[in-house]
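Here's the structure we're looking at; comments come further down.
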Amino acid sequence: MSLAGLRRARLPTAFFQDDHATVARGLLGCALVHGDRAGLIVETEAYLGPADRASHARFGPTARNRVMFGPGGVAYVYLCYGVHEMFNVVSGRDGDAGAVLIRAIAPLYGLTDDPAIGRGPGKVTRALGLDRSLTGRALDGDELFVAATADAGAVAIANGPRVGVAYAGRWAARLLRFAVAGHPAVSRPAPRGRAPGKAR
DNA sequence: GCGGGGATTAACT
DNA sequence: GTTAATCCCCGCG
């Protein structure tokens, strides 16, 4: 599919205003497009509301995370370790805080054809040129959007615990990480679990 | 204000 | 396996 074709296949805002883990699974096999660059989403993690001790929402609404508490369908981008930008899709209905971290993409357009180019959340933002200034931006715009592809809904899903959240107690064990099973652009170690059904 | 630490990555030994 | 890079968020006083 061409970039113009992807633009015509943009997901409506309503897609994002669903259960956070459902959105995380549904994004697998979709395209994330920024300007003339695009990647196929192959790995995601769901972060829930204030009760989730691994989520930025655990602090309640703050200057940084407030968009997580609004309606789904906008970007939430923050700086991690002072070095890497992390791109998230806000999910859920207004007042139901949560977001989905895009952990890995495979190159589609405007990127070097190398599965490592978008393997890992810091590399996703570097490859697509995403940064904090996009926080709050709607995800159905002309410059930044998510689109369904032929892969959406047709991929086998692996699941597992989220990466880098050992501090979160029992929440660290929740199976809220999802990936396209066996895809070479998934960050290592790849999740081993088998989630029921397919994406979307 | 101050201090601790992080949803990571690449470059070391 | 270990560690530096590097910033700003957040809780507490």
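Take the first sequence: its position 145, counted from the start at 1, is 147 in this note's numbering, and no numbers get skipped. Note that beta-carbon positions come from the ideal geometry of N, C-alpha and C, so glycine has one too. Please read these numbers as outputs of a predicted model, since none were measured by experiment.
Handout entry: Local Cβ density within 10 Å of Thr2, reported as buried at 16 or more and exposed below that
Key = No answer is possible for residue 2: the residues shown for the chain start at 3 and end at 202.
Practice task
Report all residues from its chain with a CB closer than 7 Å to the CB of Asp54; omit the five preceding and five following residues, and keep chain order.
Solution key: Arg60 and Trp173
Practice task
Report yes if the CB atom of Tyr169 is closer than 7 Å to the CB atom of Ala101, and no otherwise.
Solution key: no
Problem - Span of the alpha helix (DSSP H), counted from its first residue to its last, around Pro123 - result: Pro123 to Leu130
Problem - Straight-line Cα distance separating Leu42 from Leu30 - result: 8 Å
Exercise for the section: Tell me where the alpha helix (DSSP H) around Phe36 begins and ends. Expected result: Sequence check: residue 36 is His here, not Phe. Careful: His36 lies outside any alpha helix (DSSP H), inside the beta strand (DSSP E) at Ala33 to His36.
Handout entry: Closest Cα partner of Leu110 within the set Asp38, Leu103, Leu136 and Arg179
Key = Nearest C-alpha to Leu110: Asp38.
Exercise for the section: Within 10 angstroms of the Cβ of Arg179, are there 16 or more other Cβ atoms? Answer buried if so, exposed if not. Expected result: buried
Problem - Inter-residue CB distance, Pro14 and Pro117 (contact presumed, cutoff 8 Å) - result: Pro14 to Pro117, Cβ: 30 Å. No contact.
Handout entry: Alpha carbon of Asn161 to alpha carbon of Ala192, nearest angstrom
Key = 9 Å
Exercise for the section: Name the one or two DSSP bridge partners that Pro109 has. Expected result: The secondary-structure analysis by DSSP pairs Pro109 across a beta bridge with Gly41.
Problem - Short Cβ contact (7 Å threshold) for Asp96 with Pro73 - result: yes
Handout entry: DSSP-derived helix/strand/coil call for Thr114
Key = coil
Exercise for the section: Could you pull the start and end residues of the alpha helix (DSSP H) that Gly28 belongs to? Expected result: His22 to Gly28
Practice task
Take Ser93 as the anchor and find which of Ala175, Ala77, Arg105 and Arg12 has the nearest alpha-carbon.
Solution key: Ala77
Problem - Cut-off 8 Å between Cβ atoms - residues of its own chain near Gly171, not counting five sequence neighbours on either side - result: So the list reads Arg55, once near-sequence residues are dropped.
Exercise for the section: Could you name the residues of the same chain whose beta carbon sits closer than 6 Å to that of Arg10, not counting the 5 residues immediately before and after it, in chain order? Expected result: none
Practice task
Please determine, among Gly7, Leu146 and Ala140, the residue with the shortest C-alpha to C-alpha distance to Gly131.
Solution key: Leu146
Handout entry: Same chain, Cβ closer than 6 Å to Val182, five either side skipped, listed in chain order
Key = Leu30, Val44 and Val157
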